[in-house]
Each structure stands twice: as structure tokens, then as C-alpha cells.
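Asker: Have a look at this one before I ask anything.
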């Protein structure tokens, strides 16, 4: 049986304009801690990044932060992370986050969040990984991206033989269960999730 041991969360270093974004980040942090799933994330202590990481820590969960040297001050590096990896650049950061994670969740964020997510979608399309990816589509945040991908498909830029697979939900509470279902033979250990 496979189990989800770590999830990489991509999200903004800002909180965004909608209170529900930070609320969802906190809810996700609580869920990861409760399920014993290590958070892998960008290493900052501000915005949605800080909200999810601090919540995991406050609830007894484990956190791996990966941050490039030039962002240590700008994103206010979270010193309390169990594992803190300082990289030379963004490329090393993204690669390290990928290697440390069993799956990926994208909360709302800016261009950096979008770029991280799209790179994982690209790597999956090119057959470089088969780790599940989930978009937390809070307040329809990711709907324009989904529509753009459909548009690319309709114009023949995403061929049927190289299509990309991702999960999508608005329900934070279901996110771990959805990711586990996407992994063949994945075991859901928490009793609250078994019948969902």
C-alpha cells in the first residue's frame, strides 16, 4: 500500500483580497497536521505560505521549507520549520520541492504560484512524473486557467496523447482524500476520510 507522506503546497506570499483564501490555508494546514502529512512549501512566513506553514506547526505537524537565498528576507524565512533548505536559485528550489513531495496542491497565488504549478503540469505532460496535482479552486480562482487549458486543447496545442491530468475541488476538507484516490493503491489512514 502507498501512503501520502508529504504534499507540496504552492500558494501566494501575499494573503490576497478574499478572507476565504487565508481561511482555506489555515484549514489545509490543520488537515495536513491531523493526517500526519509533511508540508513541503516555499519557506516563507508571510501571506498564504505563512498561514499554512504556521498552522501545520501549531497543530503538531512537520514542515519542510525550501527558499532561495535571495528571498530569505523578502519572504521572511520561517525559522521554525523542521527542515529548512536554502537554495542558490529558483530552479534549485522548485526541483527540491518536487523531489520532497508525493503530491501537489495549488492554493491561490500570483505569478510565482502559477509558474510552479504550470511547470509541474508540463513535467507530467512530458512523462517526467506521475505525482497527483490538485487545484483548490476557491472562489473560482483557477477557473480561468482551466478554461485556458481547454482552449489550448480545442486548438490542438494539447494533443489527446499528451494530455495533462489534475484534480480540482473547492473543498479543502476533501483535498487529501482526492489526491490519495489519484494514486493507485494509496491507503487513506485517517478514519474521517475513509468513507468520503
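Numbering (this note's numbering), first residue to last: 399 to 594.
We put the beta carbon where it would ideally sit given N, CA and C, even for glycine.
Here the structure is a predicted model, which means the values were calculated and not measured.
(1) So what does DSSP say about residue 513, is it helix, strand or coil?
(2) Would you say residue 424 lies against chain D (beta-carbon separation less than 8 Å)?
(3) To the nearest angstrom, report how far apart residue 402 and residue 501 are at their CA atoms.
(4) Quick test of your reading: residue 506 and residue 578, contact by CB under 8 Å. State the CB separation rounded to the nearest angstrom.
(5) Taking contact to mean 3 or more Cβ pairs, one atom from each stretch, closer than 8 Å, check whether the segment 444-461 and the segment 410-429 are in contact.
(6) Using the C-alpha atoms, what's the distance from residue 557 back to residue 407?
(7) Would you mind reading off the limits of the beta strand (DSSP E) that contains residue 531?
(8) Would you kindly work out how many angstroms separate the C-alpha atoms of residue 438 and residue 554, rounded to a whole number?
(9) Hey, how far is the Cα of residue 344 from the Cα of residue 526?
(10) Given residue 539, which residues of its chain have a CB within under 6 Å of its CB, disregarding the five upstream and five downstream residues?
(11) Check the C-beta distance from residue 450 over to residue 423 and give it rounded, since I have them as a contact under 8 Å.
(12) Tell me which same chain residues have a C-beta within less than 7 Å of the C-beta of residue 576, skipping the five on either side of it?
(13) CA-CA distance, residue 563 and residue 573?
(14) How big is the Cα-Cα spacing for residue 467 and residue 510?
(15) Drop a sphere of 10 angstroms on the beta-carbon of residue 485, count the other beta-carbons inside from all chains shown, and report buried for 16 or more, exposed for fewer.
(16) At which residues does the alpha helix (DSSP H) containing residue 494 begin and terminate?
(17) Give the secondary structure of residue 470 by DSSP, where H, G and I count as helix, E and B as strand, and everything else as coil.
Answerer: The relevant details are as follows:
(1) Within the chain shown, residue 513 is the residue found at index 115, counting from 1. Note: residue 513 maps to helix in three-state DSSP.
(2) This model lacks chain D altogether, as it is built from one protein chain only.
(3) The sequence position of residue 402 within the chain shown is 4, counting from 1. The sequence position of residue 501 within the chain shown is 103, counting from 1. When the Cα atoms are used, residue 402 and residue 501 turn out to be separated by approximately 8 Å.
(4) Against the chain shown, residue 506 aligns to sequence position 108. Against the chain shown, residue 578 aligns to sequence position 180. With a contact defined as Cβ atoms closer than 8 Å, residue 506 and residue 578 miss out at about 23 Å.
(5) Contact between the segment 444-461 and the segment 410-429 is established, with three or more Cβ pairs separated by less than 8 Å.
(6) In the chain shown, counting from the first residue as 1, residue 407 sits at position 9. In the chain shown, counting from the first residue as 1, residue 557 sits at position 159. When rounded, the distance between both Cα atoms is 28 Å.
(7) On the chain shown, position 133 is the one that residue 531 refers to. Element bounds for residue 531: 531-534.
(8) As a first step, residue 438 must be located in the chain shown, where it is residue number 40. As a first step, residue 554 must be located in the chain shown, where it is residue number 156. Approximately 35 Å between the Cα atoms of the pair.
(9) Any answer about residue 344 is impossible in this case: the structure gives the chain only from 399 up to 594.
(10) By 1-based counting over the chain shown, the position of residue 539 is 141. Same-chain partners within the cutoff: 506.
(11) By one-based count along the chain shown, residue 450 stands at place 52. By one-based count along the chain shown, residue 423 stands at place 25. 4 Å between Cβ atoms; contact.
(12) As a working mapping, residue 576 is identified with position 178 in the chain shown. Counting only Cβ-Cβ distances below 7 Å, and skipping sequence neighbours, we find 532, 565 and 567.
(13) The residue labelled residue 563 in the question sits at position 165 within the chain shown. The residue labelled residue 573 in the question sits at position 175 within the chain shown. So the alpha carbons of these two residues sit roughly 16 Å apart.
(14) Locating residue 467 in the chain shown gives position 69, counting from the first residue. Locating residue 510 in the chain shown gives position 112, counting from the first residue. Straight-line Cα distance between these residues: approximately 16 Å.
(15) Residue mapping note: residue 485 aligns to position 87 of the chain shown, counting from 1. Residue 485 is buried by the Cβ-count criterion.
(16) Locating residue 494 in the chain shown gives position 96, counting from the first residue. Residue 494 -> alpha helix (DSSP H) spans 488-498.
(17) The count along the chain shown starts at 1 and reaches residue 470 at position 72. Looking at residue 470 - three-state DSSP - the assignment turns out to be coil, as it is neither helix nor strand.
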